[in-house]
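Reviewing the structure listed below.
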Amino acid sequence: MTMSYPQSYEILLVPGFAATTNEPAEATERPETTDGTAPPDAAEAPGSVAAIRSAVVEATGETGASGYPRYAGEGMVADIDPVTRTVEALLIDGAELDYGLSVRVSERKSRG
């Protein structure tokens with residue numbers, strides 16, 4: 005049996021901590037979309053954190069050093085666990101993630 009993994013994700017680079025709290029920024033199921041539209045519940049999320057940068061990454065067909073599928077696009081290369089949607093490794097423009105920054109990931113819906 006072969007596993008079917010998502011073919012693309014949207015990765016959002018966010019501050020690791022919200023400005024008004026010392027708690028880590030919480031992951032969101034439906035972050036802002038890349039087409040300029042907001043998700044339906046955006047107004048109901050007053051504690052949400054704005055993304056510094058975002059990218060849509062596509063499956064490369066390779067397995068990364070972490071053992072998870074590799075995704076790449078728009079200057080980002082990520083190894084993502086498709087079961088938990090955890091980013092196990094990330095390079096942004098060839099560099100590791102800076103301290104104080106975090107990522108959020110959501111499965112990109114296929115257009116069609």
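Under our numbering, the residues of the sequence shown are numbered 5 to 116, in order.
Ideal Cβ placement from N, Cα and C applies to all residues, glycine included.
Note that the coordinates shown come from a computational prediction; the quantities given were computed from them, not determined experimentally.
Nearest-angstrom Cβ-Cβ length linking residue i and residue j, presumed shorter than 8 Å
{"i": "glutamate 62", "j": "glycine 77", "result": "5 Å"}
{"i": "threonine 64", "j": "arginine 57", "result": "Threonine 64 to arginine 57, Cβ: 20 Å. No contact."}
DSSP state of residue i mapped onto helix, strand, coil
{"i": "glycine 20", "result": "coil"}
{"i": "serine 58", "result": "strand"}
{"i": "valine 53", "result": "coil"}
{"i": "arginine 112", "result": "coil"}
{"i": "leucine 101", "result": "coil"}
{"i": "tyrosine 13", "result": "strand"}
{"i": "serine 106", "result": "strand"}
C-alpha distance - residue i paired with residue j, whole-angstrom precision
{"i": "glycine 104", "j": "glycine 98", "result": "18 Å"}
{"i": "glutamate 100", "j": "tyrosine 9", "result": "25 Å"}
{"i": "alanine 22", "j": "serine 106", "result": "Unreliable placement is indicated for alanine 22, whose pLDDT of 49 sits below 50; the coordinate value is still reported in the next sentence. Cα-Cα distance, rounded: 11 Å."}
{"i": "valine 109", "j": "threonine 90", "result": "8 Å"}
{"i": "alanine 82", "j": "leucine 95", "result": "6 Å"}
{"i": "glycine 134", "j": "glycine 68", "result": "In this structure the chain extends from 5 to 116, so residue 134 is not present and cannot be described."}
{"i": "methionine 80", "j": "alanine 59", "result": "7 Å"}
{"i": "aspartate 102", "j": "isoleucine 84", "result": "18 Å"}
{"i": "threonine 41", "j": "arginine 112", "result": "In this prediction, threonine 41 has a pLDDT of 49, which is less than 50 and means its spatial position is unreliable; what the coordinates show is noted afterwards. Between threonine 41 and arginine 112, the C-alpha separation is close to 14 Å."}
Beta-carbon proximity check, residue i vs residue j, cutoff 8 Å
{"i": "alanine 93", "j": "serine 70", "result": "yes"}
N- and C-terminal bounds of the beta strand (DSSP E) containing residue i
{"i": "aspartate 83", "result": "80-85"}
{"i": "tyrosine 75", "result": "73-77"}
{"i": "alanine 93", "result": "90-96"}
Closer than 7 Å: residue i CB and nearest the ligand GDP heavy atom
{"i": "proline 10", "result": "Questions concerning the ligand GDP fall outside what the structure shown contains, since it holds no ligand whatsoever."}
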